[in-house]
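FYI, the numbering for the sequence shown is 244 to 992, going by the numbering used here.
Virtual Cβ for every residue (Gly too), placed ideally from N, Cα, C.
On a predicted model such as this, the values are computed, not experimentally measured, just so you know.
See below for the structure under consideration.
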Amino acid sequence: LLSFAALAQFAPAFLGALLWRGANARGAVMGMSAGILVWGYTLLLPSFLPDNAHLLMDGPWGFAALRPEALFGVEAEPLNHGVLWSLAANALFFIMGCLSRAATPRERIQAAIFVPRESAQIPGLRRFRTAVTNNELKDTISRYLGAERTERSFQSFEQNEGRKYMGSQIADAGTIRFAEQLLASAVGSSSARLVLSLLFQRVDANSRNAYRLLDDASEALQQNRDLLQIALDQMEDGITVYDQDFGLSCWNRQFRTLFDLPDELGQVGTSISKVIDYLVRRGDIAKDDEETILERMTVTHTTWQMELLSTGRIIEVRSNPMPNGGVVASYADITDRVKADLALKRANETLEQRVAARTAELLELNEELAQAQRLAEEANLGKTRFLAGAGHDILQPLNAARLYCSALKESISDQNTRSALSNIDSSLDSVETILGAVLDISRLDTGAMKPKESIFRLDAMLEQLRNDFLPSAREKGLDLRIVPSSLNIETDRNLFRRVLQNLVSNAIKYTRSGKVVVGVRRRGRLCEIQVIDTGIGIRADKLNTVFREFTRLDEGAREAEGLGLGLSIVDRIARVLRLEIRIWSQPGQGTRFSVLMPVSQADEADVPAPSTTPQPSRGSLSGTRVLCIDNDTRILDGMRMLLENWGCAVIAHAGADAFAAAFAEDGLLPDVIVADFHLDGATGFEAINAIHRVLGRTVPAIMLTANRSDEVKAAAEERQIPLLYKPVKPAALRTALNRSRKMLPKAAE
């Protein structure tokens, strides 16, 4: 009996769930818990205690109202007493628990299955027995739900009832109740009752007008519903509307297409849980995710994604609550978008690896580039050394040829022979110019020529240009105008002078008549040095080619001889000095070259005064003892010839050791030393120092070399030794000898 009393605690929850739509799981748990506790206190506990137990006789702590077998003073047979109080507590707490919160969507769905919503009895059904057939009922409802949905709903109703309804059969109460619920899902409960009431009263003559009005209203509603359904079916997203019991009330074709649902799930009243259960059985949704999906659809109302496992299709679901209860949801196929996102994510995940790989490749390429640059620098250095060595080897015989030629010119009086020697000397000048230009270009390209910036006045350099080019301009009948300028600039004096010399030389060379003007314009912080001529000019399409080496235009080649290296050297020097070269030309009118450079802000007092170029001395060298040091016997022979024609006494040796041996025998003291820079096993500077040690005193010296590097030039300036480049011009050598002879007393001291 105690066990049956315990089982009776399930009765309130069981009956409440069947009869009350508000029942929920919380109420059932609370009710059964309270009932079991009371059952245990009133029935189970006394069965373990003796009849005279203090608890049974006096109650806990002496409270007689709480005696297990006479709660609150109510005495009865023990079993009846326990069952009564336990069921009362169970029912009370069941009701309190159900009222403490609203039913969950799952509970509401289950309640709708067992406890259908009660609708007011149709008035016509109370007054008389209806004569409406099943077909008439279907026709009326189909005006609002559509024929297809109405037919599927009635087929489902027949399956649930387990019998077949004939169309001509009079509709019974169950069918009418189902029809009312079906119609209420589309037009509402009040409208559904009104429609069915008018349907049942159609045989009444007084209600024919109302029935006609019903037909018109039904037709209008049907048209609007068809229009709405067509609009919904044209949307790409699936749409569903669930009522407050989460039964399907409206949907579109795309919803069934996305989920590939059968016809029986496309009926009014189909619960959302039934759709989810079908997807679980088909394998589209994992069993463990069923409750989560139901909660997302009916409670949280968030946007989320679900993957149909059987097809791999990914659906984005958005659900929102309806004002009067229920849910409206939309479904979008985002499979392609998700695949694109996944591809992008994978690309991002591998991006770091690709970046690392590209970085490694870049480092490898940089290393290869650095190695290539080192090889290029080594090649350029080798090229420079080769050109320097080749220049020395080529200029040595040219120097000897010039010396022989100059010596012959001064010793032969025959005019024809002297003319031939002059032509030879001119040819040697051309060869020297070519080699000098090639060596200069090589040094500029390899960066061997480093600029040495200094601040100087432009007027000194412009005056020097006038002195250098005025004879050649007058020889062609040109008017050379040099406009003086007081501006100061800061750059390499020698390299900048070569730029102006080449520009002025070109202007004179390619101008038949007219004038050549050299002037300076101030351009704010810049100055623009212009060389303007009235020469043959340059075509516009040829302006970019004039700076290429060995490039000469046809008009220029017919006008004057040249190598096509002058402007190429100008361009390279301008890049070394960071100068801007501009050119403007008009064929037949002339050309203007402009050199733009910053103006120095140094005061005039900070600038050394311009020095005048000393003129070659024509003083007598008779009796001057000149010691010639060179490892090339041809150079020594040519030098001996030339110097003896000038009246000098020549002492020629291949090096300092040979001179020391000869000096020990004859004791001849030289007045001037003329030494070559490149000797066997030593340099000219080392040979001069050795000779000074042998002589025991310092003798003026002149250095000859084919090496035009800055290092040799700096070494000569440091020792205050004049430096002449091969092939040596006789006039320059004579001038240097005269200057050195004037230093004899000072050197002797």
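Residue state for residue 530 is assigned as helix, using DSSP reduced to three classes. Here DSSP, grouped into helix, strand and coil, assigns residue 771 to strand. Comparing C-alpha distances from residue 424 to each of 773, 306 and 512 shows the shortest one belongs to 512. Taking the Cα of residue 940 as reference, the smallest distance to any Cα among 296, 928 and 913 is reached at 913. Residue 952 carries a coil assignment under DSSP once its states are collapsed to helix, strand and coil. A straight line joining the alpha-carbon of residue 815 with that of residue 742 spans about 10 Å. When the alpha-carbon of residue 291 is set against those of 782, 245 and 827, the nearest one is in 245.
Under the three-state reduction of DSSP, residue 544 is assigned to coil, being neither helix nor strand. Residue pairing by DSSP puts residue 576 in a beta bridge opposite 558. Leaving aside the five residues that flank residue 411 on each side, the residues in its chain whose CB is nearer than 6 Å to its CB run, in chain order, 376.
Per DSSP, residue 699 is not a residue of any alpha helix (DSSP H); the beta strand (DSSP E) it occupies stretches across 696-700. Residue 276 and residue 301 have their C-alpha atoms spaced approximately 26 Å apart. Ranked by how close their Cα comes to the Cα of residue 553, the residues 559, 528, 537 and 543 have 528 in first place. DSSP places residue 889 in the coil class of the three-state scheme, outside both helix and strand. Counting only the Cα atoms, residue 873 lies some 7 Å from residue 896. Residue 754 is classed as buried because its beta carbon has at least 16 other beta carbons within 10 Å across all chains shown.
Taking all protein chains shown into account, residue 915 has 16 or more neighbouring C-beta atoms within 10 Å of its C-beta and is therefore buried.
In this structure, 942 is the residue among 942, 924 and 475 with its C-alpha nearest to the C-alpha of residue 932. Boundaries of the alpha helix (DSSP H) around residue 931: 927-938. Non-local beta-carbon contacts of residue 762 in its own chain, meaning distances under 6 Å to residues more than five positions away in sequence, involve 726 and 773 in chain order. With contacts defined by Cβ atoms closer than 8 Å, residue 758 and residue 722 form a contacting pair. In the same chain as residue 274, and ignoring 5 residues on each side of it, the C-beta atoms closer than 7 Å to its own belong to 255, 256, 333, 334, 336, 337 and 340, in chain order. Judged by DSSP secondary structure, residue 967 falls within the beta strand (DSSP E) whose first and last residues are 966-968. Per DSSP, residue 304 lies in no alpha helix (DSSP H) and is assigned neither H nor E. Annotation for residue 731: the continuous beta strand (DSSP E) segment containing it runs 731-735.
Residue pairing from DSSP places residue 835 in a beta bridge opposite 775 and 827. For residue 383, the uninterrupted alpha helix (DSSP H) segment begins and ends at 377-388. Residue state for residue 655 is assigned as coil, using DSSP reduced to three classes. The Cβ-Cβ distance between residue 570 and residue 540 falls below 8 Å.
In this structure, residue 442 and residue 383 form a Cβ contact; the two beta carbons are roughly 5 Å apart against a cut-off of 8 Å. The beta carbons of residue 966 and residue 946 sit closer together than 8 Å. Between residue 819 and residue 738, the gap from beta carbon to beta carbon is short of 8 Å. When secondary structure is reduced to three states using DSSP, residue 640 falls in the helix class.
Residue 490 is bridged by DSSP to 514. The three-state secondary structure of residue 266, taken from DSSP, is coil. Contact annotation, residue 902 with residue 879: C-beta distance approximately 12 Å; criterion of less than 8 Å not satisfied.
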